[in-house]
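Just below is one structure, and these are the notes that go with it.
Number of protein chains: 8
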Amino acid sequence: VKIEEEINYDKTRMERCGFPEFIYGENKTFKQLKHVICEIRKAGLAIVVTRLDKEKGEKLTGVFKDAFYDEWARVFYIKTDKKHKSNAKITIVTAGSSDLPVAYEALRTLEACAIPCKLIPDVGVAGIHRLMKHVETLKKCDAIIAVAGMEGALPSVIGGLVSCPVIAVPTSVGYGSSFNGLTAMFAMLNSCASGVTVLNIDNGFGAACAVMRILKTANIHRP
Amino acid sequence: VKIEEEINYDKTRMERCGFPEFIYGENKTFKQLKHVICEIRKAGLAIVVTRLDKEKGEKLTGVFKDAFYDEWARVFYIKTDKKHKSNAKITIVTAGSSDLPVAYEALRTLEACAIPCKLIPDVGVAGIHRLMKHVETLKKCDAIIAVAGMEGALPSVIGGLVSCPVIAVPTSVGYGSSFNGLTAMFAMLNSCASGVTVLNIDNGFGAACAVMRILKTANIHRP
Amino acid sequence: VKIEEEINYDKTRMERCGFPEFIYGENKTFKQLKHVICEIRKAGLAIVVTRLDKEKGEKLTGVFKDAFYDEWARVFYIKTDKKHKSNAKITIVTAGSSDLPVAYEALRTLEACAIPCKLIPDVGVAGIHRLMKHVETLKKCDAIIAVAGMEGALPSVIGGLVSCPVIAVPTSVGYGSSFNGLTAMFAMLNSCASGVTVLNIDNGFGAACAVMRILKTANIHRP
Amino acid sequence: VKIEEEINYDKTRMERCGFPEFIYGENKTFKQLKHVICEIRKAGLAIVVTRLDKEKGEKLTGVFKDAFYDEWARVFYIKTDKKHKSNAKITIVTAGSSDLPVAYEALRTLEACAIPCKLIPDVGVAGIHRLMKHVETLKKCDAIIAVAGMEGALPSVIGGLVSCPVIAVPTSVGYGSSFNGLTAMFAMLNSCASGVTVLNIDNGFGAACAVMRILKTANIHRP
Amino acid sequence: VKIEEEINYDKTRMERCGFPEFIYGENKTFKQLKHVICEIRKAGLAIVVTRLDKEKGEKLTGVFKDAFYDEWARVFYIKTDKKHKSNAKITIVTAGSSDLPVAYEALRTLEACAIPCKLIPDVGVAGIHRLMKHVETLKKCDAIIAVAGMEGALPSVIGGLVSCPVIAVPTSVGYGSSFNGLTAMFAMLNSCASGVTVLNIDNGFGAACAVMRILKTANIHRP
Amino acid sequence: VKIEEEINYDKTRMERCGFPEFIYGENKTFKQLKHVICEIRKAGLAIVVTRLDKEKGEKLTGVFKDAFYDEWARVFYIKTDKKHKSNAKITIVTAGSSDLPVAYEALRTLEACAIPCKLIPDVGVAGIHRLMKHVETLKKCDAIIAVAGMEGALPSVIGGLVSCPVIAVPTSVGYGSSFNGLTAMFAMLNSCASGVTVLNIDNGFGAACAVMRILKTANIHRP
Amino acid sequence: VKIEEEINYDKTRMERCGFPEFIYGENKTFKQLKHVICEIRKAGLAIVVTRLDKEKGEKLTGVFKDAFYDEWARVFYIKTDKKHKSNAKITIVTAGSSDLPVAYEALRTLEACAIPCKLIPDVGVAGIHRLMKHVETLKKCDAIIAVAGMEGALPSVIGGLVSCPVIAVPTSVGYGSSFNGLTAMFAMLNSCASGVTVLNIDNGFGAACAVMRILKTANIHRP
Amino acid sequence: VKIEEEINYDKTRMERCGFPEFIYGENKTFKQLKHVICEIRKAGLAIVVTRLDKEKGEKLTGVFKDAFYDEWARVFYIKTDKKHKSNAKITIVTAGSSDLPVAYEALRTLEACAIPCKLIPDVGVAGIHRLMKHVETLKKCDAIIAVAGMEGALPSVIGGLVSCPVIAVPTSVGYGSSFNGLTAMFAMLNSCASGVTVLNIDNGFGAACAVMRILKTANIHRP
């Protein structure tokens, strides 16, 4: 058995989960990635490789001409064959500009699946007026991804302003007792705004998948 | 100012969030609770008081004749005035029978808001065939609440089987290095099934609210 | 040596620190407490015993006729002999009604030292409009004590609205991954609002002392 | 939208908080920093960029001729236009010489805002006589920033000697069970000297802001 | 005393434990390793050096001509002199392809001791059907090593399917709240499948030794 | 559905795992337990209920006349119908006398399954000669369960003396930084004796199941 | 075997370690304790039972007429037969009066072994002058036991003042982020005073044994 | 003030503590180190700089001709002027060969102070016979420094064999749940061998100082 064949791609996840298996790029060789991308591509599905370093990302875009690599988000992606875009109203909000790479990981995953989304950056709670001027936009969303590091307070404020699902993504932004995002994650899990749900630290990708599960139920879009 | 007036009930949460403010019962006096329940009731909204001990629960059901108190779930509730029930397909699944109190906290919150839900108890992953015979039911759900303690593996298996939102609730069931639910919570946050979202330990109530946010977007039901 | 004499009361703290040594009530016997209170009283200084259980609190108010015992805050106190009250503008703000005991510990300590303060309870960030209607009051303060449990976000929002010192007190309110106040404390230490300072969990008493240090520098009041 | 425009500078913080928004340098590109510094400068406010690496720091001092870069403190700063210096008496004390970079982060932030301060380095508690010879100086301060790593005992000793605010800054100096400053931070939060307040690990910058809040209330200086 | 002689090789471990002392490669110099390998070799025993970097690994294979170095597993090994292979039925199962290096550490250790084993990679619980098609193979094993990172759920599912010993090895695969394998390790220790035993994070080598202890009792093979 | 029917007994575990499903007694009502014991009993299988308090334990032995309740180990059990005892040589070793309840949990589970075992109590490493006089006994075992709290060093010493499987069970015996068994558990997971495997804190029951898995492979006994 | 015989008393510890085996009282029955005390007594050695609750303590002093029970320290002890007292100069210092029970555990253990010691209570670092007036006494000691909770700073200050061994004992005094003594213990382990050694939380008993080991080497006294 | 003058050398520590202030090399510049070494040298005292990297170490030995630099231990040292060596019997024991750098840090510190010591490497508890052959040597020691990583069991075994002080030094040797030495440190703090005292992780230097404090009391040697 060759090593690249030891990646056991889950061929039926699209049918089961409504989105294909995406690839976790860390620790995979260029050969393994190329091999598995080829396999997924035959089905015309969206391809997303997360946490991919620049060197492999650019080497892969050299091979796959319709692919993109977002260096900041460390995401390689090829858009789905399906042409019509979703009309879902999704917004990604970040507390600071340092949270943007995680926000873009979510954004690129959704983009690959033809789900457009709006980005509202840098509206953290220390300048609450910056968030407040977007309230009407937020109230009309189908789902909101709230991305924050440090004390992770943003999802609590948003969760108290809107009725749609609020998906909180803690980031590793901060230092000292931010513990690489742990403080933000715990804060979000203890949100006083009821019904906020939480993902792992820096898991923008997972937030995008959670949105797709919601849209499936809402019958708004299938990627 | 009297102490019972120091509870500052959030009167507009129904409009903002799609469900009224619910009451965290712990540390509140009987007087405070009675006072605030009376206030909410004038609006005909669903009333849910969580983490309420038996003594106060029964005392309150003595006062409010249309109220219920579920001793196991430690929930006091009065159903919404709205008569028509939701036709949403919600299922709550538990890994063990010890996880049932948390499951019932979710169930009672939904019940108060006229959202019926199905309960599938005791289908933990050490006897995977028990879960497998419910797969077809699970595939048809609008949302699933997966409740588990110990190693918290259930949401990962379910998340890989269905396309709807999977809301994971870790419970404090276990001992030693289960750390009162922390291990289950961390496991769920690291789920290899993409798009699973997580709530705080034993937070069945929050899971019910998360479901209501999803149903709002899906336009299936407003409590 | 008798046990009650093994309490080694710090007689010169008033001169050094601007407020007398206060007594940590936990683990002290009634005899020890009575002995030490008598000693402090001779100097006419404010007396504060924190974390005192009801039984000893009431027994002591039986002995000292000008004393008060606040059961909720678990504080026993005798007011300073100095008659004129401070004209400092201090406000204590709490996120929830469950945070009130900690707020009252701060309030009673200040009261014993003739520093009046305003209390704004239950204005947590999930209903941000509740806080917003107090902004003008907050802007005029000399110092604000912000008390919150769960995700501990309140001091960050307040810190971004005012120019005076904001003293954050995390409380043990919450469950699961609130870790008895640890999550709130870490969140406050990572506040994106610059210059917010933090105290130990449930340390309302310490916040009152921090206020007195500030008033000393501001030359507004000496207790 | 260009990336440098995604930094959403908080234009009214000076009015609200008494000091302008300062910039967290980590993870920001040279372009973003240059863009935002230009914007702040128009208002003649103090500019402080913390946690900035040497390469960017020197590149920015090449562009802004009145700027300084302190390599040790990793702070880039431009002094406020206001000419008159504060007459506040601020002292920064460190336990060891390894704590100096954090002390200098505070010092440079205050310097940018025209607040001079005295530095007393290397007076840790294992040689208590070194601190004791500065007691009279410390007693006259308006505020003291006490910086220490390892067991973080310095603020407790100082807090027992003076009546002004003592702002404790734990540093990541130490090894093994110092946990990169966590032990010092916890020690400071548990100080037996009442009214000591604490900041995040290595957060010298935040301590400077806390001082400015105090000076605002004391009406001694507005930067 | 020369430094290479300060490795105090345990000469009688083979007799006592049924396998020789293996070498922990980290922090050892090339000289030390060469010295100790020579010593073991005289007895014709299997030699395994774990956690050995590539440079030293290749240098040693240059010296010992019958040796192998597996770069992925970071294992250097020389096979035992004993010619007959074990007929034990051992399987190593991994949740993801990123867990393979740890699986190979176990595999190479067994190989050095003439115990062949089967490898089933990438059958994590998010695609449970992938595991299910191997159930009959698993049921016939003498022992199974289950390797998983992230939420570490795989050993629980396997433990509920088979009657042989299941040895769980958590890996450091994951990010954020996976805490470099801690979450997986805690999950495995809390497995709802009774009788699953656990090793340290990334300790594939220890799992191989545990298998050898079992085979000793089962009288199937002595390496 | 009645609550006692919500225990979803796993009927085929005996066939799959070689031992029946045992019952975790905590949080279960007397009715639930009686119901489920009746069900298992029809098959003549061994019944073990762990972590059962005295009141329920004695009430159940009142109902089931061939049952035993060990108050110290908190185990209720009924022996398997199978008459012939195993001839396996199993030894349980404890570091201190306070570790005995956990040792007895293992012992009673094995006893219910007709596997006798020897108990060597109180041979902790601070008096190493006490262990050394049992070395010959230990060398002849098929498996050893090593039970220890505090620093958890016992399994390391035993693991270096014998060739059979050593199953380490940390106990919550100790105080302060023993963290209720966590220190012992971590110590065991880091054992320098290769191939020692570990169970959750106080999980004597799980160790017994691990032994049964080993005996299954060794073909010595089926309960 | 009877349960009381399962305590395996270490008969030769006096010869090996210079003090007899002392008894950890927790979890032991009255019968077990009586049995083991009788056994030790035959040799005329000092007897110390730590962490013994009042009920058993008084029951045992009823049986052994020359025994003492210190309720505060929770220590039962019988003095050694050896008549001459040590002339060692040992001092136990505590930071607060709440640390006294731990100090007394050390004191009673030494007393049982005929080693007198001086107690200096309540000289914590927030009133450093209280400690300073004892400096000359401290400088003459053969060993000092420094007992402190909260931030645990006392041993650092003492360690910098004297040349004899300083044995630091953290106590569980404090709340919130004192973590039941963990913060004090970590602070002591990171002491900037070189050569301070540390014991487990609340382990006054262990500190007494450490002193006896030092006196053995110093040839001052053998208990 | 120049930076090198900001090191505030403690000139009277030799008189107070019996050994001079030693230098923590991390984060200090070559200039600072040279400056401070010159100052100490005037008094003819032993000089020890710990945690010094190779580059600075070799540069300093170039300047100070009677100095040594031990690359492995990362210690720079100059021996005391006092010519007569101590006749104390000190032994340093290590569990593994990877623990040697920490052992050498202790050894070099003692050597600088003219205290010779014996080194017994690599006698960890998994091969207990290796330790046992040194028992007679250990019994004659004045103090033993026991150095171990991983499960940190060595000091417990030694503490049970000897009557002299046993100073336990945990090392960061290990991986996964060894947590860089934390597990070893906790294990040592929970030693079942009474009177073992503990130092911070990898703090060989501190152990040497603890030995010197003991020798001072024993009147055996003054460095």
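Protein chains in written order, with the numbering used here: chain A, 11 to 233; chain B, 11 to 233; chain C, 11 to 233; chain D, 11 to 233; chain E, 11 to 233; chain F, 11 to 233; chain G, 11 to 233; chain H, 11 to 233. For each residue, glycine too, the CB sits at the ideal point set by N, CA and C.
Exercise. Helix, strand or coil: how does DSSP classify V133 of chain D here?
Worked result: As a working note, residue 133 of chain D is residue 123 in the fourth sequence. V133 of chain D falls in the coil class under three-state DSSP.
Exercise. Taking the C-alpha atoms as reference points, what is the distance between N192 of chain C and I211 of chain C?
Worked result: Counting from 1 along the third sequence, the entry for residue 192 of chain C is found at position 182. Counting from 1 along the third sequence, the entry for residue 211 of chain C is found at position 201. Position check: residue 192 of chain C holds Leu in this sequence, whereas Asn was assumed. Linking L192 of chain C to I211 of chain C through their CA atoms gives a straight-line distance of about 7 Å.
For this session: Check the C-beta distance from I57 of chain H over to Y87 of chain H and give it rounded, since I have them as a contact under 8 Å.
Result: Locating residue 57 of chain H in the eighth sequence gives position 47, where the first residue counts as 1. Locating residue 87 of chain H in the eighth sequence gives position 77, where the first residue counts as 1. Confirmed, Cβ separation roughly 6 Å.
Exercise. Is F86 of chain B helix, strand or coil by DSSP?
Worked result: Within the second sequence, residue 86 of chain B is the residue found at index 76, counting from 1. Three-state DSSP puts F86 of chain B in a strand.
Problem set entry | Under 7 Å from the C-beta of D152 of chain G: neighbouring residues of chain H | Here the question's residue 152 of chain G lines up with position 142 in the seventh sequence. Here the neighbours are T227.
Problem set entry | Cβ neighbours of K128 of chain E in the same chain (closer than 6 Å, five flanking residues each side left out) | Walking along the fifth sequence from the start, residue 128 of chain E turns up at place 118. The residues are T101.
Exercise. Quick one: complete alpha helix (DSSP H) runs, 4+ long, within the segment 95-160 of chain G?
Worked result: Counting only runs that start and end inside the segment 95-160 of chain G, the alpha helix (DSSP H) elements of at least 4 residues fall at 110-122, 138-142, 145-149.
Problem set entry | Chain-order list of residues whose beta-carbon lies under 6 Å from that of V11 of chain E (same chain, five-residue window excluded) | To locate residue 11 of chain E, count along the fifth sequence from 1; it is residue 1. With a pLDDT of only 49 at V11 of chain E, under the threshold of 50, the placement of this residue in the model should not be trusted, and no figure is reported.
For this session: Output yes or no for whether 7 Å exceeds the beta carbon distance between A218 of chain D and A116 of chain D.
Result: In the fourth sequence, the residue the question calls residue 218 of chain D occupies position 208. In the fourth sequence, the residue the question calls residue 116 of chain D occupies position 106. Cβ atoms of A218 of chain D and A116 of chain D: closer than 7 Å.
For this session: From the DSSP output, read off the bridge partner residues of L50 of chain B.
Result: Here the question's residue 50 of chain B lines up with position 40 in the second sequence. Correcting the residue type first, residue 50 of chain B is Ile in the shown sequence and not Leu. Its beta-bridge partners do not exist; DSSP assigns none.
Problem set entry | Rounded C-alpha distance that separates K92 of chain G from M24 of chain G | Position 82 of the seventh sequence, counted from the start, is the residue given in the question as residue 92 of chain G. Position 14 of the seventh sequence, counted from the start, is the residue given in the question as residue 24 of chain G. In this model, K92 of chain G and M24 of chain G are separated by some 14 Å (Cα to Cα).
Exercise. In or out: T104 of chain F buried (at least 16 other Cβ within 10 Å) or exposed?
Worked result: The count along the sixth sequence starts at 1 and reaches residue 104 of chain F at position 94. The residue in question, T104 of chain F, is buried, as its Cβ has 16 or more Cβ neighbours within 10 Å.
For this session: Could you check the C-alpha separation between E68 of chain E and V172 of chain E for me, to the nearest Å?
Result: Against the fifth sequence, residue 68 of chain E aligns to sequence position 58. Against the fifth sequence, residue 172 of chain E aligns to sequence position 162. The alpha-carbon atoms of E68 of chain E and V172 of chain E are separated by roughly 40 Å.
For this session: Could you tell me which of F:A228, F:A83, F:V145, F:K150 sits nearest to N37 of chain G, measuring between CA atoms?
Result: Taking the first residue of the seventh sequence as 1, we reach residue 37 of chain G at position 27. Restricting attention to F:A228, F:A83, F:V145, F:K150, the CA atom closest to the CA of N37 of chain G is found in F:A83.
Exercise. At a Cβ threshold of 7 Å, is G186 of chain A touching chain D?
Worked result: In the first sequence, residue 186 of chain A corresponds to position 176, counting from 1. Contact of G186 of chain A with chain D is assigned, a C-beta pair being separated by under 7 Å.
Exercise. Excluding five sequence neighbours on each side, which residues of the same chain lie with their C-beta closer than 7 Å to the C-beta of R232 of chain H?
Worked result: The residue labelled residue 232 of chain H in the question sits at position 222 within the eighth sequence. Model confidence at R232 of chain H stands at a pLDDT of 45, short of 50, so the residue's coordinates are unreliable; what they give is reported in the following sentence. Hits under 7 Å: G28, K226.
Exercise. How many Å lie between C48 of chain C and A163 of chain C at the Cα?
Worked result: Residue 48 of chain C sits at position 38 when you count from the first residue of the third sequence. Residue 163 of chain C sits at position 153 when you count from the first residue of the third sequence. Whole-angstrom Cα-Cα distance: 42 Å.
Exercise. For A77 of chain A, does the three-state DSSP call read helix, strand or coil?
Worked result: Locating residue 77 of chain A in the first sequence gives position 67, counting from the first residue. A77 of chain A: strand per DSSP, three-state reduction.
For this session: Just the chain C side, please: which residues come within less than 9 Å of R140 of chain G by C-beta, in chain order?
Result: Here residue 140 of chain G is taken as the residue at index 130 of the seventh sequence, counted from 1. Neighbours of R140 of chain G on chain C, chain order: N18, D20.
Exercise. Roughly how many angstroms separate the alpha carbons of F196 of chain E and G216 of chain F, rounded to a whole number?
Worked result: Locating residue 196 of chain E in the fifth sequence gives position 186, where the first residue counts as 1. Locating residue 216 of chain F in the sixth sequence gives position 206, where the first residue counts as 1. In this structure, the CA atom of F196 of chain E is about 15 Å from the CA atom of G216 of chain F.
Exercise. In chain order, what residues of the same chain lie with their CB nearer than 6 Å to the CB of G184 of chain E, ignoring the 5 residues before and after it?
Worked result: Taking the first residue of the fifth sequence as position 1, residue 184 of chain E is located at position 174. Within the same chain, G184 of chain E has close Cβ partners G159, M160.
Problem set entry | Distance between R61 of chain G and D136 of chain F (C-alpha atoms, nearest Å) | To locate residue 136 of chain F, count along the sixth sequence from 1; it is residue 126. To locate residue 61 of chain G, count along the seventh sequence from 1; it is residue 51. One detail in the question is off: residue 136 of chain F reads as Ala in this sequence, not Asp. Roughly 20 Å separates the two Cα atoms.
Exercise. Is it true that the CB of K99 of chain B sits closer than 7 Å to the CB of C151 of chain B?
Worked result: For the purposes of this step, residue 151 of chain B is taken as residue 141 along the second sequence, with counting starting at 1. For the purposes of this step, residue 99 of chain B is taken as residue 89 along the second sequence, with counting starting at 1. Going by C-beta atoms, C151 of chain B is nearer than 7 Å to K99 of chain B.
Exercise. Just how far apart, CA to CA, sit K149 of chain D and T22 of chain C?
Worked result: Here residue 149 of chain D refers to the residue found at position 139 of the fourth sequence. Here residue 22 of chain C refers to the residue found at position 12 of the third sequence. Answer to the nearest angstrom: the Cα atoms are 14 Å apart.
Exercise. Is D63 of chain E buried or exposed, if buried means 16 or more other CB atoms sit within 10 Å of its CB?
Worked result: Looking up residue 63 of chain E in the fifth sequence gives position 53. A residue is called buried when at least 16 other Cβ atoms come within 10 angstroms of its Cβ; D63 of chain E does not meet this threshold and is exposed.
Exercise. Can you find a C-beta in chain F that's less than 7 Å from the C-beta of G191 of chain B?
Worked result: On the second sequence, position 181 is the one that residue 191 of chain B refers to. Interface with chain F (7 Å Cβ-Cβ cutoff): G191 of chain B is excluded.
Exercise. Going by beta carbon distance, what residues of the same chain come within less than 7 Å of D109 of chain H, once the five residues before and after it are set aside?
Worked result: Against the eighth sequence, residue 109 of chain H aligns to sequence position 99. Excluding sequence neighbours, D109 of chain H sits near V157, A158, G159, T181, V183.
Problem set entry | Proximity test, Cβ basis, 7 Å: D91 of chain B and chain C | Taking the second sequence and counting its residues from 1, one reaches residue 91 of chain B at position 81. No, D91 of chain B lies away from the interface with chain C (no Cβ there is under 7 Å from its Cβ).
Exercise. Could you check where the beta strand (DSSP E) with P180 of chain F kicks off and where it finishes?
Worked result: On the sixth sequence, residue 180 of chain F is found 170 positions in, with the first residue counted as 1. Per DSSP, P180 of chain F belongs to the beta strand (DSSP E) from 176-180.
Exercise. Are any of the Cβ atoms in chain D nearer than 7 Å to that of C174 of chain G?
Worked result: Position 164 of the seventh sequence, counting from 1, holds the residue named residue 174 of chain G. Not one chain D Cβ lies under 7 Å of C174 of chain G.
Problem set entry | G72 of chain G, buried or exposed, once every other Cβ within 10 Å from all chains shown has been counted against 16 | In the seventh sequence, counting from the first residue as 1, residue 72 of chain G sits at position 62. The residue in question, G72 of chain G, is exposed, as its Cβ has fewer than 16 Cβ neighbours within 10 Å.
Exercise. Rounded to a whole number of angstroms, what is the C-alpha to C-alpha distance between M142 of chain H and E31 of chain E?
Worked result: Residue numbering aside, residue 142 of chain H sits at position 132 when the eighth sequence is read from its first letter. Residue numbering aside, residue 31 of chain E sits at position 21 when the fifth sequence is read from its first letter. In a straight line, the C-alpha of M142 of chain H is about 19 Å away from that of E31 of chain E.
Exercise. Thinking C-alpha only, which one of C:K66, C:N229, C:V59 is nearest R118 of chain C?
Worked result: Within the third sequence, residue 118 of chain C is the residue found at index 108, counting from 1. Cα-wise, what sits closest to R118 of chain C is C:V59.
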